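Each protein sequence line maps, in turn, to chains A and B.
According to UniProt numbering, the first sequence is numbered sequentially starting from 1.
According to UniProt numbering, the second sequence is numbered sequentially starting from 1.
We treat Cβ as the ideally placed atom computed from N, Cα and C, and that holds for glycine.
Just so we're clear, the structure is a prediction, and the values are computed from it rather than from any experiment.
Number of protein chains: 2
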Amino acid sequence: MTRYFEDLEPGDVFETSGYTVKKNEIIEFAEQFDPQPFHVDEAAAEDSIFGGLIASGIHTMALASKLTVEETFDMIANLGGRGMDDLQFHQPVRPGDTLHVELEVLETTPSERHSERGYVTYEQRVLDDSDAVVLSLRMETIVRRRPEGQTE
Amino acid sequence: MTRYFEDLEPGDVFETSGYTVKKNEIIEFAEQFDPQPFHVDEAAAEDSIFGGLIASGIHTMALASKLTVEETFDMIANLGGRGMDDLQFHQPVRPGDTLHVELEVLETTPSERHSERGYVTYEQRVLDDSDAVVLSLRMETIVRRRPEGQTE
Numbered sequence: 001m002t003r004y005f006e007d008l009e010p011g012d013v014f015e016t017s018g019y020t021v022k023k024n025e026i027i028e029f030a031e032q033f034d035p036q037p038f039h040v041d042e043a044a045a046e047d048s049i050f051g052g053l054i055a056s057g058i059h060t061m062a063l064a065s066k067l068t069v070e071e072t073f074d075m076i077a078n079l080g081g082r083g084m085d086d087l088q089f090h091q092p093v094r095p096g097d098t099l100h101v102e103l104e105v106l107e108t109t110p111s112e113r114h115s116e117r118g119y120v121t122y123e124q125r126v127l128d129d130s131d132a133v134v135l136s137l138r139m140e141t142i143v144r145r146r147p148e149g150q151t152e
Numbered sequence: 001m002t003r004y005f006e007d008l009e010p011g012d013v014f015e016t017s018g019y020t021v022k023k024n025e026i027i028e029f030a031e032q033f034d035p036q037p038f039h040v041d042e043a044a045a046e047d048s049i050f051g052g053l054i055a056s057g058i059h060t061m062a063l064a065s066k067l068t069v070e071e072t073f074d075m076i077a078n079l080g081g082r083g084m085d086d087l088q089f090h091q092p093v094r095p096g097d098t099l100h101v102e103l104e105v106l107e108t109t110p111s112e113r114h115s116e117r118g119y120v121t122y123e124q125r126v127l128d129d130s131d132a133v134v135l136s137l138r139m140e141t142i143v144r145r146r147p148e149g150q151t152e
């Protein structure tokens with residue numbers, strides 16, 4: 001069942017399964033997109049303020065996106081993203097950490113310009129094995145309204 | 001020459017070279033991290049509100065990170081990131097677009113807890129071939145202060 005704009009309410013929470021971050025993935029992603037010593041070089045990372053190799057923040061966001069899209073947006077009529085806000089890296093993500101995502105609906109607003117669209121703001125929280133939040137952000141998205149004549 | 005915290009001032013702007021986004025890269029990144037139809041399926045993308053294939057917003061952020069880290073942070077004593085704010089996707093990024101980054105220093109604040117660190121807030125703007133901003137965000141980072149006894 002596809003959830004349309006009308007089916008989402010503030011307080012709704014969607015939870016994903018876990019994904020274990022592997023060391024070689026951390027290094028490979030960072031070599032492509034964020035080649036700072038503490039992301040790509042184990043010895044240099046030991047001497048960094050993190051005391052060891054950590055994932056690029058954008059890698060963590062990308063993994064959160066993977067979980068969110070594969071396990072949540074597959075059942076939401078998501079039309080696209082508008083932006084993000086209040087993105088905080090609460091804790092470093094290290095090799096072997098298993099991450100999962102909680103996606104909470106914060107606000108829903110019908111579009112005034114496009115009768116077939118609404119805007120949905122979520123808080124996306126990325127948690128580790130011990131349920132500590134490692135990353136949080138707000139994201140604003142565009143969601144299709146239920147087509148006329150279509151009932152639940 | 002490494003730029004330390006003391007060498008960065010509000011108004012400083014660093015500009016990177018350009019990077020041309022290829023269609024297969026858009027699809028490959030999105031298949032891994034953001035497998036929504038308008039990022040991975042050309043036919044479905046035609047029918048989306050974007051009218052064609054567009055890059056995942058996180059892919060655009062990752063490419064901006066690549067340019068920023070390779071061409072700017074290589075000469076700044078960057079110790080890590082703290083978070084981001086006010087991230088806006090102004091325009092879709094499409095295959096063949098050539099992106100470059102402007103990184104502007106907005107604010108610098110010495111750390112009260114760590115005498116060897118300061119916090120630097122930047123605005124990161126991603127621009128296309130025609131100098132239109134496609135993505136903008138603020139990022140807060142940790143930068144090393146100039147070691148004692150070391151002069152410019």
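Measuring only the C-alpha atoms, how far is Y122 (chain B) from T20 (chain B)? By one-based count along the second sequence, residue 122 (chain B) stands at place 122. By one-based count along the second sequence, residue 20 (chain B) stands at place 20. Straight-line Cα distance between these residues: approximately 24 Å.
From B:I49, B:D47 and B:R125, pick the residue whose C-alpha is nearest to that of M84 (chain B); which is it? Taking the second sequence and counting its residues from 1, the one referred to as residue 84 (chain B) is at position 84. If we check each option's Cα against that of M84 (chain B), B:R125 comes out closest.
Alpha-carbon spacing of A64 (chain A) relative to Q36 (chain B), whole angstroms: Translated into positions along the first sequence, residue 64 (chain A) becomes position 64. Translated into positions along the second sequence, residue 36 (chain B) becomes position 36. Taking the straight line from one Cα to the other gives about 14 Å.
Listing by chain order, which chain B residues have their CB less than 7 Å from the CB of G83 (chain A)? Position 83 of the first sequence holds residue 83 (chain A). Chain B residues near G83 (chain A): L87, Q88 and F89.
Cβ of I76 (chain A) less than 7 Å from any chain B Cβ? Along the first sequence, one-based indexing puts residue 76 (chain A) at 76. Not one chain B Cβ lies under 7 Å of I76 (chain A).
Per the DSSP calculation, T16 (chain B) is bridged to which residue(s)? Position 16 of the second sequence, counting from 1, holds the residue named residue 16 (chain B). Partner(s): none; T16 (chain B) has no beta bridge.
From B:D7, B:H39, B:E9 and B:P110, residue whose alpha carbon lies closest to that of R94 (chain B): Here residue 94 (chain B) refers to the residue found at position 94 when the second sequence is read from its first residue. With distances taken between Cα atoms, R94 (chain B) lies closest to B:H39.
Can you find at least 3 beta carbon pairs, one from the region 139-147 of chain B and one from the region 73-87 of chain B, that sit closer than 8 Å? yes
Do three or more CB pairs link the region 8-22 of chain B to the region 97-115 of chain A at distances below 8 Å? no
Under 7 Å, do D34 (chain A) and I58 (chain A) count as touching if we go by C-beta distance? As a first step, residue 34 (chain A) is located in the first sequence; it is residue number 34 there, counting from the start. As a first step, residue 58 (chain A) is located in the first sequence; it is residue number 58 there, counting from the start. Yes, these two residues count as a Cβ contact at 7 Å.
Proximity winner among A:D131, A:S17, A:R144 and A:V134, relative to K66 (chain A) (alpha-carbon distances): Locating residue 66 (chain A) in the first sequence gives position 66, where the first residue counts as 1. Residue A:S17 is the option with its Cα nearest to K66 (chain A).
Reduced DSSP category for V40 (chain A) - H, G, I as helix; E, B as strand; rest coil: Within the first sequence, the letter at position 40 stands for residue 40 (chain A). V40 (chain A) falls in the helix class under three-state DSSP.
Runs of alpha helix (DSSP H) wholly within the UniProt domain "MaoC-like" (10-112) of chain A (minimum 4 residues, chain order): 23-33, 37-40, 42-46 and 57-71
Cα-Cα separation, Q91 (chain A) to M75 (chain A): Working through the first sequence from its first residue, we reach residue 91 (chain A) at position 91. Working through the first sequence from its first residue, we reach residue 75 (chain A) at position 75. Going from the Cα of Q91 (chain A) to the Cα of M75 (chain A) covers about 30 Å.
Would you call E148 (chain A) buried or exposed, if buried means 16 or more other Cβ atoms sit within 10 Å of its Cβ? Taking the first sequence and counting its residues from 1, one reaches residue 148 (chain A) at position 148. Its Cβ having fewer than 16 others within 10 Å, E148 (chain A) is exposed.
Where does the unbroken beta strand (DSSP E) through E148 (chain A) begin, and where does it stop? To locate residue 148 (chain A), count along the first sequence from 1; it is residue 148. Looking at the DSSP string, E148 (chain A) is not in any beta strand (DSSP E), and its letter there is neither H nor E.
Residues near P10 (chain A) in its chain [Cβ-Cβ closer than 8 Å; skip 5 each side]: Taking the first residue of the first sequence as 1, we reach residue 10 (chain A) at position 10. Result list for P10 (chain A): V105, L106, E107 and T108, in chain order.
Nearest by alpha-carbon distance to S130 (chain B): which of B:G96, B:H114 and B:G118 is it? For the purposes of this step, residue 130 (chain B) is taken as residue 130 along the second sequence, with counting starting at 1. Of the candidates B:G96, B:H114 and B:G118, the one whose C-alpha sits nearest the C-alpha of S130 (chain B) is B:G96.
Short of 8 Å Cβ to Cβ, which residues in the region 32-51 of chain A face chain B? Q32, F33, D34, P35, Q36, F38, S48, I49 and F50
Any beta-carbon of chain B closer than 7 Å to the one on G57 (chain A)? Residue mapping note: residue 57 (chain A) aligns to position 57 of the first sequence, counting from 1. Yes - at least one Cβ of chain B is within 7 Å of the one on G57 (chain A).
Quick test of your reading: L8 (chain A) and V101 (chain A), contact by CB under 8 Å. State the CB separation rounded to the nearest angstrom. One-based indexing of the first sequence puts residue 8 (chain A) at position 8. One-based indexing of the first sequence puts residue 101 (chain A) at position 101. In fact, because the Cβ distance is near 16 Å, the residues do not count as touching under 8 Å.
Hey, does A64 (chain B) have any beta-carbon neighbour from chain A nearer than 7 Å? Position 64 of the second sequence, counted from the start, is the residue given in the question as residue 64 (chain B). False, the Cβ-Cβ gap to chain A never drops below 7 Å.
From D86 (chain A) to L135 (chain A), what does the alpha carbon distance come to, in whole angstroms? By one-based count along the first sequence, residue 86 (chain A) stands at place 86. By one-based count along the first sequence, residue 135 (chain A) stands at place 135. Their backbone Cα atoms lie some 10 Å apart in a straight line.
Exposed unless 16 or more other CB atoms sit within 10 angstroms - verdict on D47 (chain A): On the first sequence, residue 47 (chain A) is found 47 positions in, with the first residue counted as 1. Flag for D47 (chain A) reads exposed.
Any idea if G118 (chain A) is buried or exposed, counting beta-carbon neighbours within 10 angstroms, 16 or more meaning buried? Position 118 of the first sequence, counted from the first residue, corresponds to residue 118 (chain A). By the 10 Å Cβ count, G118 (chain A) comes out buried.
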